[in-house]
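Structure first, then comments.
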Amino acid sequence: MNDEKPIFEPELDSDAPDPDEVPIRDRRVVTQPYDLAVDSLVEQIKGGTIFLRPLSERPSFQRRYVWTDVLASRLIESILLNVPIPPCYLSQNDDFELDVIDGQQRLFSLYRYLNNQFSLTALEVLAELNGKRFFEIEHKLQRQIRTHTLRCVLITNESHPEIKFDIFERLNTNTAPLNAQELRNCIYRGALNSLIKELVEDKKWLEVLGKKEADRRMRDEELILRFFAFHISGIDGYRTPQKHWLNAVAKEGRGYSPNRISDLRDVWNKAISNSLIWFEPRACFRREGSRVINRALFDLVSSFASQISTADAERIKPQFLVRFNQLLDNGNFQDLISRSVDHTSRTKRRFEMWEDAIGGLV
Numbered sequence: 179m180n181d182e183k184p185i186f187e188p189e190l191d192s193d194a195p196d197p198d199e200v201p202i203r204d205r206r207v208v209t210q211p212y213d214l215a216v217d218s219l220v221e222q223i224k225g226g227t228i229f230l231r232p233l234s235e236r237p238s239f240q241r242r243y244v245w246t247d248v249l250a251s252r253l254i255e256s257i258l259l260n261v262p263i264p265p266c267y268l269s270q271n272d273d274f275e276l277d278v279i280d281g282q283q284r285l286f287s288l289y290r291y292l293n294n295q296f297s298l299t300a301l302e303v304l305a306e307l308n309g310k311r312f313f314e315i316e317h318k319l320q321r322q323i324r325t326h327t328l329r330c331v332l333i334t335n336e337s338h339p340e341i342k343f344d345i346f347e348r349l350n351t352n353t354a355p356l357n358a359q360e361l362r363n364c365i366y367r368g369a370l371n372s373l374i375k376e377l378v379e380d381k382k383w384l385e386v387l388g389k390k391e392a393d394r395r396m397r398d399e400e401l402i403l404r405f406f407a408f409h410i411s412g413i414d415g416y417r418t419p420q421k422h423w424l425n426a427v428a429k430e431g432r433g434y435s436p437n438r439i440s441d442l443r444d445v446w447n448k449a450i451s452n453s454l455i456w457f458e459p460r461a462c463f464r465r466e467g468s469r470v471i472n473r474a475l476f477d478l479v480s481s482f483a484s485q486i487s488t489a490d491a492e493r494i495k496p497q498f499l500v501r502f503n504q505l506l507d508n509g510n511f512q513d514l515i516s517r518s519v520d521h522t523s524r525t526k527r528r529f530e531m532w533e534d535a536i537g538g539l540v
């Protein structure tokens, strides 16, 4: 299955600046450079101070380990030859844990080699070391690797959370860069993030998306986060840039209590169940005839569906569908769900039109 297959409508003028956006001027980033020995880095990885995906019980917050043993071997050879290695960037969260922003492949390769998980291969300069694991090379070379220092730049938890996210995006220069939600998985691990990962596996939701499994690029997770953001902050709390609004909700959700998470789970399940009373799964949150979800319609339908009982959803179905279709026939409403959908004034106007047309049904 093609993971890049569209599941949402493209948003016209999505990059256009929002005239209602208030620039953030009081933003700062606090960084601290460190030269850390390989031995120290590996011990911090083992102890859980530095989080790496392959060693974490929360397996989806970082990019998979993709380096081959050949690439990992070249890193070890570079250390032994004192070839300069690019710095690693670490982000300190509120619990003083360190998430790897840039350098995961290098750090996990070092961890693997010092734990004898692969043999050196395809070395050209130090070819005599090919086929050897860490415990098999000379003690002098072992010490050279252990004591070799890597420059690490720590972005501390004193940094403004929004500029911290922006830095992450700037450093995100891989061949297949992480999208905004994948970055949130790296920065905002916690209770709400875990709930969202649970919900994307729900059978009803997968039927709505027309997929057999959760989206590997986490586009579906961002849509659920968007639902919770409107539920938690309300339309009056909406702001742009939208990514910062979503970041704030994701950050706050890290520490939600089990009871709070249970309540949010119930709200989401009610939203989806009631929406499916009105629409077939492949028509839900879509314009007539469309195979992909319209995010603006998703916001409106899911928010309304989460606020009413199942009995009311069934009772108002005929009238709801009539008024829903009347809205879709309205040229102004069509424009509001088609372009610049993230702009604050247009988002609020969209909710106002929805409330005028449908809010009075219950």
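Numbering (my numbering), first residue to last: 179 to 540. Backbone N, C-alpha and C define an ideal beta-carbon position, used for all residues, glycine too. The model shown is predicted, which means the values in this text are computed figures rather than measured ones.
Check	Outcome
Opening and closing residue of the beta strand (DSSP E) in which R329 lies	327-333
Under 7 Å between C-beta atoms of I223 and L276	no
Nearest candidate by alpha-carbon position, reference E399, set I410, F408, N363, S411	N363
Buried or exposed (CB count within 10 angstroms, at least 16 for buried), E466	exposed
Alpha carbon of Q295 to alpha carbon of P264, nearest angstrom	23 Å
Selected residue, minimal CA-CA separation from T209, among N293, L514, D247, N335	N335
Stretch-stretch touch, CB-based, cutoff 8 Å, three pairs: the segment 366-385 with the segment 300-320	no
The segment 375-392 contacting the segment 415-429, beta-carbon criterion three pairs below 8 Å	no
Neighbour-count burial assignment, F502, 16 or more Cβ in a 10 Å radius	buried
Cβ-Cβ distance between F274 and L230 below 7 Å	no
Validate contact between the segment 530-537 and the segment 503-513 using beta carbons, cut 8 Å, 3 pairs	yes
Same chain only: Cβ atoms within 7 Å of F239, ignoring 5 sequence neighbours per side	The predicted position of F239 is uncertain, since its pLDDT is 38 and thus under 50; a value taken from the coordinates is nonetheless stated next. These residues qualify, in order along the chain: R231, N363, C364, R367.
When F312, S337, A535 are compared against D507, the one with the closest alpha-carbon	A535
Cut-off 8 Å between Cβ atoms - residues of its own chain near I413, not counting five sequence neighbours on either side	T525, K526, F529
C330 vs L253 beta-carbon contact at 7 Å	no
Cα-Cα separation, G433 to S372	11 Å
Sequence-distant residues of the same chain with beta carbon closer than 6 Å to F343, five excluded per side	N425
Terminal residues of the beta strand (DSSP E) in which Y416 lies	Careful: Y416 lies outside any beta strand (DSSP E) and carries neither H nor E.
N-terminal and C-terminal residue of the beta strand (DSSP E) that D277 is part of	276-280
Cβ contact (3+ pairs, closer than 8 Å) linking the segment 492-500 and the segment 449-469	yes
Beta-carbon proximity check, Y291 vs F312, cutoff 7 Å	yes
Coil, strand or helix - V200 by DSSP	With a pLDDT of 46 at V200, under the threshold of 50, the modelled position of that residue is not reliable, and the figure given next carries that caveat. V200: coil per DSSP, three-state reduction.
Where R206 falls, given that 16 or more other Cβ within 10 Å makes a residue buried	exposed
For Q283 and L539, the rounded distance between their alpha carbons	55 Å
R404 burial status per 10 Å Cβ neighbour count (16 or more: buried)	buried
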